[in-house]
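Colleague: Just so you know, the sequences run in chain order A and B.
Start counting the first sequence at 42; every next residue gets the next number (this note's numbering).
Start counting the second sequence at 8; every next residue gets the next number (this note's numbering).
Glycine residues also receive a C-beta, built at the ideal position from the N, C-alpha and C atoms.
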Amino acid sequence: MNKFILLAFFSCLFFTAGAQALFITKDAKINFNSSTPVEDIVAESNQATTVLDIEKNVLKFSVLTTSFKFRRALMEEHFNENYMESPKFPKASFNGKIVSAVDWKSEKPASVDVQGTLTMHGTSSEVTFKATITPGKSKITASAELKVTPEAFNIPIPSAVRDKIAKEVTIKIDAVYAPYQQ
Amino acid sequence: MTKKKTIRLILWIFLIGLIAAFGSIYYVFNMPRRNVSVENAVYSLQAKQLISDFRNDEMIATKKYLDQAIAVTGEIKSIRTLDNHSMVFSLEDAMVGVSCTVDSADVVKYNTKLSQVKPGASLTFKGRCSGMLMDIQVINCVPE
Numbered sequence: 042m043n044k045f046i047l048l049a050f051f052s053c054l055f056f057t058a059g060a061q062a063l064f065i066t067k068d069a070k071i072n073f074n075s076s077t078p079v080e081d082i083v084a085e086s087n088q089a090t091t092v093l094d095i096e097k098n099v100l101k102f103s104v105l106t107t108s109f110k111f112r113r114a115l116m117e118e119h120f121n122e123n124y125m126e127s128p129k130f131p132k133a134s135f136n137g138k139i140v141s142a143v144d145w146k147s148e149k150p151a152s153v154d155v156q157g158t159l160t161m162h163g164t165s166s167e168v169t170f171k172a173t174i175t176p177g178k179s180k181i182t183a184s185a186e187l188k189v190t191p192e193a194f195n196i197p198i199p200s201a202v203r204d205k206i207a208k209e210v211t212i213k214i215d216a217v218y219a220p221y222q223q
Numbered sequence: 008m009t010k011k012k013t014i015r016l017i018l019w020i021f022l023i024g025l026i027a028a029f030g031s032i033y034y035v036f037n038m039p040r041r042n043v044s045v046e047n048a049v050y051s052l053q054a055k056q057l058i059s060d061f062r063n064d065e066m067i068a069t070k071k072y073l074d075q076a077i078a079v080t081g082e083i084k085s086i087r088t089l090d091n092h093s094m095v096f097s098l099e100d101a102m103v104g105v106s107c108t109v110d111s112a113d114v115v116k117y118n119t120k121l122s123q124v125k126p127g128a129s130l131t132f133k134g135r136c137s138g139m140l141m142d143i144q145v146i147n148c149v150p151e
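1. Going by the beta-carbon positions, is the gap between A:ALA183 and A:MET161 smaller than 8 Å?
2. Where do the N-terminal and C-terminal ends of the beta strand (DSSP E) with A:ILE181 fall, by residue?
3. Could you tell me which chain A residues have their CB closer than 9 Å to the CB of B:GLY2, listed as they occur along the chain?
4. Got a sec? Which residues, its chain only, sit under 7 Å from B:LEU89 by beta carbon, not counting five neighbours each side?
5. So, are the CB atoms of A:PHE109 and A:ALA84 less than 8 Å apart?
6. Taking CB distances under 8 Å as the criterion, tell me whether A:ASP68 reaches chain B.
7. Alpha carbon to alpha carbon, what distance is there between A:GLN88 and A:SER165?
8. Closest Cβ-Cβ distance between A:GLN88 and chain B: below 8 Å?
9. Spatial neighbours of A:GLY177 within its chain, please: C-beta separation below 6 Å, excluding the five flanking residues on both sides.
10. According to the Cβ coordinates, are A:GLU192 and A:LYS213 closer than 8 Å?
11. Quick one: is A:ALA84 near chain B, going by C-beta distance under 8 Å?
12. Could you tell me if B:LEU18 is buried or exposed, where buried requires 16 or more neighbouring beta carbons within 10 angstroms of its beta carbon?
13. Can you give the Cα-Cα distance for B:LEU16 and B:ILE32, rounded to whole angstroms?
14. Using 8 Å as the cut-off, can you tell me whether the stretch 169-176 of chain A makes contact with the stretch 135-153 of chain A, which would need three or more C-beta pairs spanning the two stretches below that distance?
15. Taking only beta-carbon atoms, is A:ALA114 less than 8 Å away from chain B?
16. Would you give the residue range spanned by the beta strand (DSSP E) that A:ARG113 belongs to?
17. Going by DSSP, what residues sit across from A:ALA84 in a beta bridge?
18. Would you please verify whether the beta carbon of B:GLN56 is less than 8 Å from any beta carbon of chain A?
19. Looking at chain A, which residues of the stretch 34-49 of chain B have a Cβ within less than 8 Å of any of its Cβ atoms?
20. Using the beta-carbon count (16 or more within 10 Å), is B:ILE20 buried or exposed?
21. Report the rounded CA-to-CA distance for B:ILE23 versus B:LYS12, giving the unit in angstroms.
22. Hey, out of B:VAL105, B:ILE86, B:LEU98, whose CA is closest to B:LEU121's CA?
23. Could you spell out the range, first to last residue, of the alpha helix (DSSP H) harbouring B:ILE94?
24. Go ahead and pull the three-state DSSP assignment for B:ASP153.
25. Sort A:ILE198, A:ASP204, A:ASN98 by Cα distance to A:ASN123 and report the nearest one.
26. For A:PRO220, which residues does DSSP report across the bridge?
27. Hey, does B:MET141 have any beta-carbon neighbour from chain A nearer than 8 Å?
28. Between the C-alpha atoms of A:MET42 and A:THR158, what's the straight-line distance to the nearest angstrom?
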């Protein structure tokens, strides 16, 4: 049953990778920041699920949009109801590959390039970003930062609040992966 | 009514209206966070039932449970503490079961009860369903 559900979630990985090549965490941190002279909007979720296949250098992220916490309850309400339309599009996800060579046996931090498809608000967009990966036998740590525009994901920003929301929103990701145990 | 009295009345109405408007804006801007612990659960069910509902049809289950206050009961399979000091209790399956997250403030508030909880025990958590990834996530949970 577990294998079936995991396979459904990470299909592309489980069809191609041995379990020993898979690293997983369900507690990855995703933080986004929209900073303007008028207002800083910061939100964070500690509940992103991510899987890394070190054989194929494949990376997948998924997060529930209602799990983001804001400083104010009103911001959270607007984010979920007006912008992300969470009842309609409850998840955001990333499917991609590490395109740089990685020495997974080294335990030194390495800067790598990641390419893939980011999907949120029901819209997909190709993204490229830098990540820092520190391989290890019992855990792999990864951090990355990318910038996205609401327009790329068809997220409408009313003109009345255009000055309060940054043209480019910064997304930061921190994950500590553990080997997937069957 | 003299002209002076009429103007004074209009000014008072305007002032009261202004105070009410600012008060409303202030309240909405600083409105308190939703407190699921004081809400009545819309659905009270076994974790196995919740898992089955999501596995059968994720879209229908999401429509039914998303953002609703639910009380979910199940066997605890794993307990994790996150960097932000919140705790995650996985019911029925550590990987693909129901993950109930208790926020750090509630971890402190319910410390006596939560510190005694061990894997294998059965417990009910009330919280807000935020949907399904690999597991079904219930956030802002408190033990019942």
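Modeller: Let me spell this out:
1. no
2. 181-189
3. The shown model of chain B, from 8 to 151, leaves out residue 2 of chain B, and the question about it has no answer.
4. VAL95
5. yes
6. The Cβ of A:ASP68 sits closer than 8 Å to at least one Cβ of chain B.
7. 21 Å
8. yes
9. GLU148
10. no
11. no
12. exposed
13. 24 Å
14. yes
15. A:ALA114 counts as touching chain B.
16. No beta strand (DSSP E) holds A:ARG113; DSSP gives it neither H nor E.
17. DSSP output for A:ALA84 lists A:PHE73, A:PHE111 as bridge partner(s).
18. no
19. VAL35, PHE36, ASN37, MET38, PRO39, ARG40, ARG41
20. So B:ILE20 counts as exposed.
21. One C-alpha to the other measures close to 16 Å.
22. Out of B:VAL105, B:ILE86, B:LEU98, B:ILE86 has the C-alpha closest to the C-alpha of B:LEU121.
23. Note on residue identity: the sequence assigns Met, not Ile, to residue 94 of chain B. Taken as a continuous stretch (DSSP letters only), B:MET94 belongs to no alpha helix (DSSP H), being part of the beta strand (DSSP E) at 94-98.
24. Chain B is shown only over 8 to 151; residue 153 of chain B falls outside these bounds and no answer can be derived.
25. A:ASN123 has its Cα closest to that of A:ILE198, out of A:ILE198, A:ASP204, A:ASN98.
26. A:PHE64
27. yes
28. Its pLDDT being 49, under 50, A:MET42 is placed unreliably in this model, and the value from its coordinates should be taken loosely. The C-alpha of A:MET42 lies about 28 Å from the C-alpha of A:THR158.
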